[in-house]
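Report on the following structure.
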Amino acid sequence: MAKQMSVIPFTGKLGPLIGYKRNGQYFLRSMPQRVRQTAATRRASRRFGIASRKGAFIRHAFYGNLDIHCDSAHINRLNRLLIAAGDHHAAITGFRFNQHTGVDRFFTVAPRLCNNGVLNIPAQTIAGHKGMAALEVKVIATRIDFTSRQVVASETVTLVIAPDTTFQETNVSLDVPGKGSLVVVFQVRAMYSDGPSGNRQYMAADIIAVAAPQVSKYAKKRTYPKRTRLLPGLTYTHAYPAVIQLE
311 MAKQMSVIPF TGKLGPLIGY KRNGQYFLRS MPQRVRQTAA TRRASRRFGI ASRKGAFIRH
371 AFYGNLDIHC DSAHINRLNR LLIAAGDHHA AITGFRFNQH TGVDRFFTVA PRLCNNGVLN
431 IPAQTIAGHK GMAALEVKVI ATRIDFTSRQ VVASETVTLV IAPDTTFQET NVSLDVPGKG
491 SLVVVFQVRA MYSDGPSGNR QYMAADIIAV AAPQVSKYAK KRTYPKRTRL LPGLTYTHAY
551 PAVIQLE
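Okay, structure coming up:
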């Protein structure tokens, strides 16, 4: 490890050297000439690569509709969830794009996604905060095909709620047809007279539901010609369907 003394320090790879920053100071180290990987480290590397690509796909599927600032660690947090989840995508339910505040700060009774694609927001008392004029709720529903890595469709619904009031039960119909999993993000922002709050304590965006792709209840079955049981005293023609003639 060597300390950088140049006027313009750097981080990252430069030839055979790697520059990095630690505790406000810049250092150098040389790159290893050979990296030896065991079977376990190769498997871990593959899992990390798959999770990081999937995490980037999920994040970019929502970035365009999010109105809040994500925390600096949200990329690594989502990757860790996906590594542990594998193909069980519902495991990312509860993920916060802003780890400092969750939806539960504003809604003590959590919204839930019903089987018919309707988001139910239960009746409850919405607490107000000093100077808050309203509470903005934005539901972002995105249909994602994880197999082909495509965003099939997306829909957003926005509600404005007065603070310090009893919120009546509301059902939000999410019409997002297509193939793939339905991922629902519930975003909440405190609104003031001069615009939305910039305080990370008063903005939240959580993944509240991941609905697996719908499988047809009645699968198409392969059909076969019916076999005719021969009975004594009857003759059968060779045409299909069989024609029975009495002798």
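Each number in the numbering used here corresponds to the 1-based position in the sequence shown with 310 added. We put the CB at the ideal spot given by N, CA and C, even for glycine.
CA nearest to the CA of Arg453, picked from Glu479, Gly325, Gly374, Ala522: Taking the sequence shown and counting its residues from 1, the one referred to as residue 453 is at position 143. If we check each option's Cα against that of Arg453, Ala522 comes out closest.
Ile318 classed as buried or exposed, judged by whether at least 16 other C-beta atoms fall within 10 angstroms: Stepping through the sequence shown from its first residue, residue 318 is reached at position 8. Under this definition Ile318 is an exposed residue.
Contact under 8 Å by Cβ, Leu327 with Ser340: On the sequence shown, residue 327 is found 17 positions in, with the first residue counted as 1. On the sequence shown, residue 340 is found 30 positions in, with the first residue counted as 1. Cβ distance < 8 Å, so Leu327 and Ser340 count as in contact.
Chain-order list of residues whose beta-carbon lies under 8 Å from that of Asn509 (same chain, five-residue window excluded): Counting from 1 along the sequence shown, the entry for residue 509 is found at position 199. These residues qualify, in order along the chain: Ala500.
Secondary structure of Gln314, DSSP reduced to three states: Walking along the sequence shown from the start, residue 314 turns up at place 4. If DSSP states are grouped into helix, strand and coil, Gln314 belongs with coil.
Contact set for Cys424: own chain, Cβ-Cβ below 7 Å, skip 5 residues either direction: As a first step, residue 424 is located in the sequence shown; it is residue number 114 there, counting from the start. If we look at Cys424 and ignore the five residues flanking it on each side, its Cβ neighbours are Asn430.
Straight-line gap, Thr351 to Gly365 (C-alpha atoms, nearest Å): Residue mapping note: residue 351 aligns to position 41 of the sequence shown, counting from 1. Residue mapping note: residue 365 aligns to position 55 of the sequence shown, counting from 1. Roughly 20 Å between the two C-alpha positions.
With 16 other Cβ atoms within 10 Å as the buried cut-off, status of Met311: Reading the sequence shown from its first residue, position 1 is the one you call residue 311. With fewer than 16 other Cβ atoms within 10 Å, it is exposed.
Residue environment, Val612, which counts as buried when at least 16 other CB atoms sit within 10 Å: Outside the displayed range of the chain (311 to 557) lies residue 612, so it cannot be described from this structure.
Own chain partners of Gly441 with C-beta closer than 7 Å, once the 5 adjacent residues on each side are dropped: Start at 1 with the first residue of the sequence shown, and residue 441 comes out as number 131. Cβ neighbours of Gly441 beyond the five flanking positions: Tyr502.
For Phe372, the nearest candidate out of Thr418, Gln460, Leu469 (CA to CA): Within the sequence shown, numbered from 1, the residue matching residue 372 stands at position 62. Of the listed residues, the one whose Cα sits closest to Phe372 is Gln460.
His384 beta carbon less than 8 Å from that of Gln409: Start at 1 with the first residue of the sequence shown, and residue 409 comes out as number 99. Start at 1 with the first residue of the sequence shown, and residue 384 comes out as number 74. The answer is yes: Cβ separation under 8 Å.
Proximity winner among Phe477, Gly374, Leu388, relative to Gly438 (alpha-carbon distances): Walking along the sequence shown from the start, residue 438 turns up at place 128. Nearest option by C-alpha distance: Phe477.
Backbone secondary structure at Asp455 - three-state DSSP: In the sequence shown, the residue the question calls residue 455 occupies position 145. Strand at Asp455.
Host alpha helix (DSSP H) of Ile360 (start-end): Numbered from 1 along the sequence shown, position 50 holds the residue referred to as residue 360. That run of the alpha helix (DSSP H) goes 349-373.
Same chain, Cβ closer than 8 Å to Ser507, neighbours up to 5 away in sequence not counted: Residue numbering aside, residue 507 sits at position 197 when the sequence shown is read from its first letter. Excluding positions up to five away in sequence, the list reads Met442, Arg499, Ala500, Met501, Met513.
Residues sharing a beta bridge with Val482, DSSP: For the purposes of this step, residue 482 is taken as the residue at position 172 of the sequence shown. DSSP output for Val482 lists Leu429 as bridge partner(s).
Cβ distance (whole Å) where Lys489 is taken to contact Val462 below 8 Å: Residue numbering aside, residue 489 sits at position 179 when the sequence shown is read from its first letter. Residue numbering aside, residue 462 sits at position 152 when the sequence shown is read from its first letter. Yes, Lys489 and Val462 are in contact; Cβ-Cβ is about 6 Å, under 8 Å.
As assigned by DSSP and simplified to three states, the class of Leu392: Indexing the sequence shown from 1 puts residue 392 at position 82. In the structure shown, Leu392 sits in a helix (DSSP, three-state: H, G or I).
Buried or exposed by the 16-neighbour rule on C-beta atoms within 10 Å, applied to His398: By 1-based counting over the sequence shown, the position of residue 398 is 88. It is exposed - the Cβ of His398 has fewer than 16 other Cβ atoms within 10 Å.
Bridge partner(s) assigned by DSSP for Lys331: Position 21 of the sequence shown holds residue 331. Looking at the DSSP assignment, Lys331 forms a beta bridge with Tyr336.
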